[in-house]
Amino acid sequence: AAAAAAAATANTAAASSASTAPLVLSNGSSRLSLPGSDTDVLCSVRAELVVPSAERPGEGVVEMNVDLLPSASSRGGGGDNRRRRTEEMEIAAALTNLLLPHVVDRSALCVIPGKYVWRLAVDVLVLTCDGNVVDVCALAIRAAVRSTVLPLVTPVAKAGVDSGGGGVGSGGSAVGTTTGRVSDDFIVDGDIAKASIPPGAEHCPVLVTVFVLDKERGGSVFIVDARSDEELCSATRISVSIDPGGNICGIYKHGSAPSLRDEGNYSGSLQVGRLVDVTELAASASKSLLEMVDGVSDIENSNVASDDLLRGHFELR
3 AAAAAAAATA
13 NTAAASSAST
23 APLVLSNGSS
33 RLSLPGSDTD
43 VLCSVRAELV
53 VPSAERPGEG
63 VVEMNVDLLP
73 SASSRGGGGD
83 NRRRRTEEME
93 IAAALTNLLL
103 PHVVDRSALC
113 VIPGKYVWRL
123 AVDVLVLTCD
133 GNVVDVCALA
143 IRAAVRSTVL
153 PLVTPVAKAG
163 VDSGGGGVGS
173 GGSAVGTTTG
183 RVSDDFIVDG
193 DIAKASIPPG
203 AEHCPVLVTV
213 FVLDKERGGS
223 VFIVDARSDE
233 ELCSATRISV
243 SIDPGGNICG
253 IYKHGSAPSL
263 RDEGNYSGSL
273 QVGRLVDVTE
283 LAASASKSLL
293 EMVDGVSDIE
303 NSNVASDDLL
313 RGHFELR
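Add 2 to a position in the sequence shown, counting from 1, and you land on the number used in the working numbering.
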């Protein structure tokens, strides 16, 4: 692990910037760019009340869509639609497995069980790409969800039903007791002061992708926050999802070559023993990242030194 940390490099010498200025018709939004590179991602979150599925009547819905501009689908610009769609699916697959299950508390998005729940539609638009796009998309989603506000929703009680004067915010059930069935009607409070962020958004994890470069004489080098040219030199890459408490939420091995170009091989294998080094490095990098983004410092200390990892700062405009 120590050798892996010594060999790790990062490309965040320049300051990174994140903006959460609201987009029109969005409940939450963000834009994240890396001034040290050309990676620039825009994210929007829209909320609406929908009827839940029969399989999960007491849980809200979180859906995601990833789009790349044609100029962002290859380093030189251009790129055909097939390559762009392939890359979009690759990014969406990693985020769906590592981020979406932990982005909010879905059970708290329930307004009336079996009748109404909140549906969060997360739209990600990659404006430009110069590497590390999965991690940047995850940070953009995290910032957008944490800036999302859901209005207070109060079910309308039927005649003879004691609603207790309760209301339903971003999720949960009405305060008070009922002596009959809850009405299918509800009132949406337009007072922004009574709105709240989706429950569980404060525990949303971050993603750290570790790129593995094989040496000619044996051994390997680990790189985080890789640029496009460094990505093309890697044998494989592994993304790790880590929450603010230092818990690993998921590990995802990218299994196909990047669609930016045909060079590179992301389908290389990795020994199980090296996976421990990868996760320790990712945990150390996530600690530095969370401290920069949120000022979070409650992650347990790792054996891997992180002094040289992800140096820089995030400025909220």
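The beta-carbon is built from N, C-alpha and C at its ideal position, and this holds for glycine as well.
Asked                                                                                                             : Found
Close-in-space but distant-in-sequence residues of the same chain around Glu50 (CB under 7 Å, 5 per side omitted) : Arg121
Residue environment, Pro207, which counts as buried when at least 16 other CB atoms sit within 10 Å               : buried
Minimum C-alpha distance to Gly247 - residue among Lys289, Asp69, Ala94 and Glu233                                : Lys289
Backbone secondary structure at Val64 - three-state DSSP                                                          : strand
Pairwise C-alpha distance: Thr41 and Lys217                                                                       : 27 Å
Sub-8 Å separation of Arg239 and His256 beta-carbons                                                              : yes
Which of helix, strand or coil DSSP assigns to Ala12                                                              : Note that Ala12 scores 34 on pLDDT, short of 50, meaning its location in the model is unreliable; the coordinates nonetheless yield the value given after this. Ala12 falls in the coil class under three-state DSSP.
Neighbourhood of Asp186 by C-beta, 7 Å cutoff - its chain only, sequence neighbours within 5 removed              : Lys117
Where Val295 sits in the DSSP three-state scheme                                                                  : helix
Same chain only: Cβ atoms within 8 Å of Leu71, ignoring 5 sequence neighbours per side                            : Leu127, Val128, Leu129 and Thr130
Rounded separation between Arg85 and Met91 - CA only                                                              : 10 Å
Nearest residue (CA-CA) to Ala94, options Ser109, Val135 and Ala56                                                : Val135
Proximity winner among Leu292, Val274, Glu65 and Val105, relative to Ala123 (alpha-carbon distances)              : Glu65
Between the CA atoms of His205 and Val190 - distance to the nearest angstrom                                      : 26 Å
Close Cβ partners of Val63 (< 6 Å) along its chain, the five nearest in sequence each way excluded                : Arg121
C-alpha distance - Gly168 paired with Arg229, whole-angstrom precision                                            : Low confidence applies to Gly168: its pLDDT is 44, below 50, so where it sits in the model is not reliable enough to give any reading.
Simplified DSSP assignment, three categories, for Arg313                                                          : In this prediction, Arg313 has a pLDDT of 36, which is less than 50 and means its spatial position is unreliable; nothing more can be read from the coordinates.
Inter-residue spacing [alpha-carbon to alpha-carbon] between Leu272 and Phe213                                    : 11 Å
Residue from Arg148, Leu101 and Pro115 with nearest C-alpha to Ser32                                              : Arg148
Exposed unless 16 or more other CB atoms sit within 10 angstroms - verdict on Val138                              : buried
Own chain, CB closer than 8 Å to Arg48, minus 5 neighbours either side, in chain order                            : Leu27, Ser28, Asn29, Leu122, Ala123 and Asp125
Close Cβ partners of Asp245 (< 7 Å) along its chain, the five nearest in sequence each way excluded               : His104, His205, Pro207 and Cys251
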